[in-house]
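For reference, the structure is listed below as C-alpha cells.
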Amino acid sequence: MKRVLVVDDDPLSLKVLSRHLTQHGYRVCTGASGVEGLRLFAQEQPDVVVSDVVMPEMDGFEFCRQLRQQRGGELVPFIFLSSRSELDDRVQGYEWGADDYIIKPFEPLELVAKIEAQIERARRTQLEILRLIQQQTQAKAEAAPRPTLADLLLTPAEERVFREVIRGLTNKQIGEKLFISPRTVQTHLTNILSKLSLENRSQLVRFAYERGYIPREESSDKK
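In terms of the working numbering, the sequence shown is residues 54 to 276.
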C-alpha cells in the first residue's frame with residue numbers, strides 16, 4: 054500500500070484529505086506542522102509528501118527545505134497544497150524543493166493523479182539509479198584482474214591439487230590424473246587448507262569461487 058504523509062494545520066483539511074486518499078487505496082499519516090512532519094517522515098518513510106505552506110512552528114517552505122537535507126528525503130516526491138496562489142509563492146515553493154504546487158480549492162481527483170505521477174516518476178528515477186550502479190559494479194568486476202594461484206603461496210604440487218579439487222574431483226580421481234597416490238593428494242589438500250585457514254573441501258570450493266579462482270560461467274556449467 055502506497056504511503057502518503059499529509060501535513061496541514063487545519064484539522065478539517067486533514068480529515069477530508071485523509072478520508073479521500075484512504076478511499077483511493079493509500080495509507081495516510083497526518084501532521085499539523087513542519088516539525089511534526091519531519092518526525093513523521095522519519096518514522097513512516099512515506100512514498101509522497103503533501104504539505105500546506107502556512108503553518109505554525111515551521112511553515113511548509115522550511116519543512117521542505119529541511120526534508121531535502123535528510124537522508125531519504127532528497128528524492129521523495131513533495132507536493133504543496135496551499136491557498137497562497139501568487140506567482141511568487143509558487144516559484145518559492147519550487148525553489149525550496151517542491152515537485153508540484155496545487156492551489157486550493159482543488160479537485161481531489163487531480164490531487165490523486167498528481168500523487169500517482171510523482172510516485173511513478175520517483176520509481177523510474179530509482180530504477181535508473183540502480184541500473185547505473187549495477188553497470189558500474191559490473192564494469193569494475195570485469196576490469197579487475199583475475200587472481201592467480203601464485204597469490205596463495207602454494208607449491209607447484211599443491212597448485213595442481215588445488216585446481217582439481219575445486220573442479221570437484223575426488224582424491225582418487227586426482228591421484229589417477231596426476232599419477233600420485235590418494236594419500237599424497239590428501240597430504241597436499243591438508244597443507245592447502247592449513248595455508249588458507251580453511252577446514253574442508255566445501256570451504257575451499259567456496260573460497261575459490263568467491264575470490265575469482267573459479268569463473269562464474271564455469272561454475273554454472275557444472276550445475
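Every residue gets a Cβ at the ideal spot worked out from N, C-alpha and C, and that includes glycine. Since the model is a prediction, treat every value here as computed from it, not as a measurement.
Asked: Terminal residues of the alpha helix (DSSP H) in which leucine 74 lies; Found: 64-76
Asked: Residues near arginine 121 by beta carbon distance below 7 angstroms, same chain, minus five either side; Found: Glu127, Gly150
Asked: Any alpha helix (DSSP H) of 4 or more consecutive residues that is wholly inside the segment 136-161; Found: 140-148
Asked: Exposed unless 16 or more other CB atoms sit within 10 angstroms - verdict on alanine 261; Found: buried
Asked: Residues of its chain near glycine 90, where Cβ-Cβ distance is below 6 angstroms and the 5 sequence neighbours each way are ignored; Found: Val60, Gly84, Phe116
Asked: Chain-order list of residues whose beta-carbon lies under 7 angstroms from that of valine 238 (same chain, five-residue window excluded); Found: Val214, Asn224, Ile227, Gly228
Asked: Any chain C beta carbon closer than 8 angstroms to threonine 243; Found: The question asks about chain C, but that chain is absent: this structure has only one protein chain.
Asked: Completely contained beta strand (DSSP E) runs for the segment 101-136, where each covers 3 or more residues; Found: 101-104, 131-135
Asked: Beta-carbon separation (whole angstroms), proline 109 vs serine 135, contact threshold 8 angstroms; Found: Going by Cβ atoms, the distance from proline 109 to serine 135 rounds to 15 angstroms, so no, they are not a contact pair.
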